[in-house]
Amino acid sequence: REGKIALIGPLADTGANMPGTWSVATALNDCRTLRDGFEKALAGKATLLYAKGCNLYDDPQLEANGTVFGREMRDPRSAEELERKALKIAKKADVIVAALGEASEMSGESASRTCLELPESQRRLLTKLLALGKPVVMLNFSGRPVVLDWENRNVPAILQVWFAGTEAADAIPDVVFGDVVPSGKLTMSFPRNDGQVPICYNTHNTGRPNKKEGGYFDKFTTGYLDTSIYPLFPFGYGLSYTTFEYSPVKLSASSMNYDGTITASVTVTNTGNYDADEVVQMYIHDVYRSVLPPLKELKGFKRISLKKGESRKVEFTIDVELLKFYDAQLHHVAEPGEFEVMVGPNSTDLSIAKFTLNR
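For the sequence shown, position 201 matches number 195 in my numbering, and the numbering has no gaps at all.
Set out below in structure tokens:
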């Protein structure tokens, strides 16, 4: 047995929270904990150390509000005692895995939060774990987009684990230890702070669009004084243990009739050291139409598997049905004019090509 891994955090040893909310019929007592899954994954390979480290919240009432229906997990020990034990254990470890975030009942019906940052008790613990100078992996449990701006700037690795259900105890270690290469993509944008909410990729343009690099403050254009207009993690975003390179998107033609099609294609290359899946995404923007169009809309995606060093051409077929929208009379129509086709790994990092729809 080589190496020591410290699993620390209020969500590390609570099976009842693994299924998440809206799991009314789940037998909570049958759900294994993350701690169980790590012990199984590390058996005969490394030593697992565990400490809770802190409660979800310092305030017991706030914790009670978010841990109903058999999900209660509060530890009666003081915050100082919980933290002291966790730091003692973490100092013995080679790597620290911090299981933090929301309990399952902190999202869903009647579970709104005015602050989407990590609760103070957990941020305090995470700060002290990072100060030890050891590699730290943060497992972030949540049932919604949360604010991870500070964590993104300070934590070496973050895995958004949501609430993975009854198989969470095995699925999460599979990814953490590299038995599975992550390929998931976000189905919603993660804001930089609470003030950016609501934020979505398919928003409409404004009369004064922000053109400054990074979307930061530019007087008399859309934006904020204190941050970028863009989300921290955009819709469709997701990292892998490998890297992918995209060629510019190419179109099979520069114009299309109503009864025709156009093929959009890119070549994707696995430029890293691991075989992996990638989710290639296609977005379309109707440059002008009678009803204000979104800046982009997801119109197609394909999951592909690539060996390290392998390249593959990925194609999307565009027909008039993909270009339709509901007009002011609620007719489902496509209007002639210019369209932009965007292909890439997420809704922000895209290459663009244009074509014209002819009447």
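In this text, a Cβ means the ideal position worked out from N, Cα and C, and glycines have one as well.
For the 9 Å CB-CB criterion, L126 and A84 form a contact.
By the Cβ criterion, the stretch 23 to 32 is not in contact with the stretch 96 to 113, since fewer than three pairs of Cβ atoms, one from each stretch, lie closer than 8 Å.
Here G(-3) really is in contact with D88; their C-beta atoms are around 5 Å apart, less than 8 Å.
Contact annotation: the stretch 145 to 154 does not touch the stretch 8 to 20, with fewer than three C-beta pairs closer than 8 Å. DSSP, read as helix, strand or coil, puts M100 in helix. Around the beta-carbon of Q55, fewer than 16 other beta-carbon atoms lie within 10 Å, marking it exposed. Cβ-Cβ separation between Y277 and L292: approximately 6 Å, consistent with a contact (criterion under 8 Å). In the three-state DSSP reduction, E309 falls in the strand class (E or B). Runs of the beta strand (DSSP E) spanning 3 or more residues and lying entirely within the stretch 19 to 59 occur at 41 to 45, in chain order.
Counting C-beta pairs closer than 8 Å gives three or more between the stretch 47 to 66 and the stretch 86 to 104, which meets the contact rule. Counting only runs of at least 3 residues, the stretch 226 to 256 fully encloses the following beta strand (DSSP E) elements, listed from N- to C-terminal order: 238 to 240 and 249 to 251.
About 5 Å separates the beta carbon of L123 from that of I90, a gap short enough to meet the 8 Å contact definition. The three-state reading of DSSP puts T200 in coil, since its state is none of H, G, I, E or B. Per DSSP, Q275 lies in no alpha helix (DSSP H); the unbroken beta strand (DSSP E) holding it starts and ends at A270 to D280. In the three-state scheme derived from DSSP, where H, G and I count as helix and E and B as strand, K213 is classed as coil.
In this structure, N340 keeps its C-beta atom at 9 Å or more from the C-beta atom of K213.
F319 is not a Cβ neighbour of A258, given a cutoff of 9 Å.
Per the coordinates, the alpha-carbon of D168 lies some 6 Å from the alpha-carbon of V174. Closest in alpha carbon position to Y51, among T41, E33 and P70, is P70. A direct Cα-to-Cα measurement between V131 and V285 gives close to 46 Å. Fewer than three beta-carbon pairs drawn from the stretch 38 to 52 and the stretch 183 to 203 are found closer than 8 Å, and the two stretches are therefore not classed as touching.
Annotation: F227 to C194 spans about 11 Å, alpha carbon to alpha carbon. Between G95 and V140, the CB-CB gap stays under 9 Å.
With fewer than 16 other CB atoms across the displayed protein chains lying within 10 angstroms of its CB, P203 is exposed. Closest in alpha carbon position to E272, among Y252, I256, Y235 and A247, is Y235. Distance from the CA of E74 to the CA of T8, rounded to the nearest whole angstrom, comes to 21 Å. Annotated three-state conformation of N146 is helix, per DSSP.
A direct Cα-Cα distance of roughly 5 Å separates A92 from I2. Beta-bridge annotation (DSSP): N134 is paired with L94 and Q154. Where L351 is concerned, there is no enclosing alpha helix (DSSP H), although the beta strand (DSSP E) around it starts and stops at S345 to N352. With 16 or more other Cβ atoms inside 10 Å of its own Cβ, Q116 counts as buried. Distance between P113 and A158, taken at the CA atoms: about 21 Å.
Where V170 is concerned, the enclosing alpha helix (DSSP H) starts and stops at A162 to V170. Between the alpha carbons of W156 and E315 lies a gap of roughly 34 Å. As a beta-bridge residue in DSSP terms, I2 pairs with A45 and A92.
Taking the Cα of M182 as reference, the smallest distance to any Cα among V170, L324, N196 and P176 is reached at N196.
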